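These notes concern the structure reproduced below.
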Amino acid sequence: MKFCFVATLVMAAGVMSAVVPAVPQPAGMAVGKRQFESNGLILDALKQAVVEQTTQINATLDGAPENPSTDEANVLADEINPHFAAIADALREATSSFQLPSLAARQEDDGEADTCDAQCITEKVLDIVYEIASTIRAAIERLGLRPLIVQINPLLLALSALVISLNVLISGLLLTVSAVVTTLLGGLGLSLLLLGFLG
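When the letters of the sequence shown are read in order and numbered with mature numbering (1 follows the signal peptide of the UniProt record, and there is no 0), they come out as residues -18 to -1, 1 to 181.
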């Protein structure tokens, strides 16, 4: 199962290598290297925050019975849900911090060679998406969707908002992430929630 997830992620990253140029910008609008680099650093910090939470979630799941009763699943969900909420908060904070193109403020190319370009941003986003989606899948497979839905719903909406905001910089990002999330979480009763990635 893990191999299938990794294969999906690698395939999506390969597809994006051909379709991740920044969207054409109107006159007076430019996406500079500093802008990509700044967003790359924000994504690095986000990945660290996400992994801190998913590590706790996975540790809880590792100690859970294979087939927990409803009461056991509810108790475990009470332990896990605050971590899902923390991930959603981290996603919202990152989204509000992104530097996006602006007609009023043009970012100039600083000439530095070592920057995070569109492909770099795409890979970082896919890495974060995989980390979150695979953890959600593991939690649902062990505990069921019902005790987790209250926190998974806003988490997926926050993830969708992050990807949509970066799609301004990187054309095709939303489409690629939609494919990855649908592949990882499809068939788990999340079809309505996943529509946030398709709209």
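Cβ atoms here follow ideal geometry from the backbone N, Cα and C, with glycine treated the same way. Just so you know, these numbers come straight off a predicted model, no measurement behind them.
When only Cα atoms are considered, Pro64 and Thr36 end up about 11 Å apart.
Excluding five sequence positions before and after Thr52, none of the CB atoms of its chain fall closer than 7 Å to its own CB.
Per the C-alpha coordinates, the member of Arg124, Ser116, Ser160 positioned closest to Asp44 is Arg124. Collapsing the DSSP output to three states places Ile152 in coil. In this structure, Leu73 places its C-beta atom within 9 Å of the C-beta atom of Ala140. Here DSSP, grouped into helix, strand and coil, assigns Phe80 to coil. Cβ-Cβ distances below 7 Å link Ile146 to Leu156 in the same chain, with the five nearest sequence neighbours on each side left out; the list follows chain order. Residue burial annotation: Asn21 is buried, with at least 16 other C-beta atoms found within 10 angstroms of its C-beta. Contact between Val32 and Ile62 is absent: CB atoms are separated by about 14 Å, not below the 8 Å threshold. A straight line joining the alpha-carbon of Cys102 with that of Leu25 spans about 10 Å.
Relative to Ala121, the option among Asp60, Leu28, Leu23, Lys29 whose CA is nearest is Asp60. Burial of Glu105 is indicated by the presence of at least 16 other C-beta atoms within 10 angstroms of its C-beta.
In the three-state DSSP reduction, Leu73 falls in the helix class (H, G or I).
Burial of Ser160 is indicated by the presence of at least 16 other C-beta atoms within 10 angstroms of its C-beta.
With a minimum length of 4 residues, the unbroken runs of alpha helix (DSSP H) contained wholly in the region 102 to 159 fall at 131 to 148. A distance below 9 Å separates the beta carbons of Gln133 and Ala67. A residue is called buried when at least 16 other Cβ atoms come within 10 angstroms of its Cβ; Pro47 does not meet this threshold and is exposed.
Asn149 and Thr77 have their C-alpha atoms spaced approximately 12 Å apart. Between the alpha carbons of Ser79 and Leu58 lies a distance of about 33 Å.
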